[in-house]
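Notes for the one structure printed next.
In this note's numbering, the protein residues as written are 40 to 109.
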């Protein structure tokens, strides 16, 4: 499960890099550090949401097994 999560996070990072390079019009006068910080925050938020989803899914399976479920 951890391997799947890590591979999906790497995939999201690669997709965001491609999106950033091809679809975002970056002016050369803009501060690159601010852009990198913003991108890092967005990737972190996406990764955080993915971790929460995995954690909730894991908890629901554990609770289901504890109640005598399938």
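Glycine included, every Cβ here is placed at the ideal spot set by N, Cα and C.
What do you reckon, are the CB atoms on residue 78 and residue 99 nearer than 8 Å?
no
Can you tell me whether residue 112 is helix, strand or coil according to DSSP?
Summary: the structure shown does not reach residue 112, with the chain confined to residues 40 through 109, and so no result is reported for it.
Rounded to a whole number of angstroms, what is the C-alpha to C-alpha distance between residue 76 and residue 86?
15 Å
Return the CA-CA distance between residue 72 and residue 53, expressed in angstroms with no decimal places.
19 Å
In angstroms with no decimal places, state the Cα-to-Cα distance between residue 97 and residue 88.
14 Å
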